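Chemist:
Residue numbers (my numbering): 435 to 543.
1) With a Cβ-Cβ cutoff of 9 Å, do residue 457 and residue 510 count as a contact?
2) From 436, 474, 442, pick the residue whose C-alpha is nearest to that of residue 527; which is it?
3) Only counting the same chain, and skipping five residues up and downstream in sequence, which positions put a Cβ closer than 8 Å to that of residue 514?
4) Suppose contacts are defined by Cβ-Cβ distances below 9 Å. Is residue 445 in contact with residue 530 by that definition?
5) Would you kindly work out how many angstroms separate the C-alpha atoms of residue 498 and residue 505, rounded to a whole number?
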């Protein structure tokens, strides 16, 4: 779970609802989220492998929510409608972080 949390924090995804929407969108068949999306897919696969091992109940609960979001995305459900508490799509967070990096580079030049 720690790796998954770090991936969310990297893109300033702190709200639970936005994290679930991001997982849903990453697993949505019609969307492509580049490297970030692939990282989330890989981390979700790893977490599934750990599901049978002894993990804290809180981690199991969190992962269960992420797994539900992933399944909803895989079924092609509307992630926006499922996670109405999150005002922005995943692409917003990715673009914001990319713009932040671009601004840092411009300032150094």
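Each residue gets a CB set at the ideal place from its N, CA and C atoms; glycine is no exception.
Quick caveat: nothing in here was measured; it's all calculated off a predicted structure.
Modeler: Let me lay it out:
1) no
2) 442
3) 455, 523
4) yes
5) 10 Å
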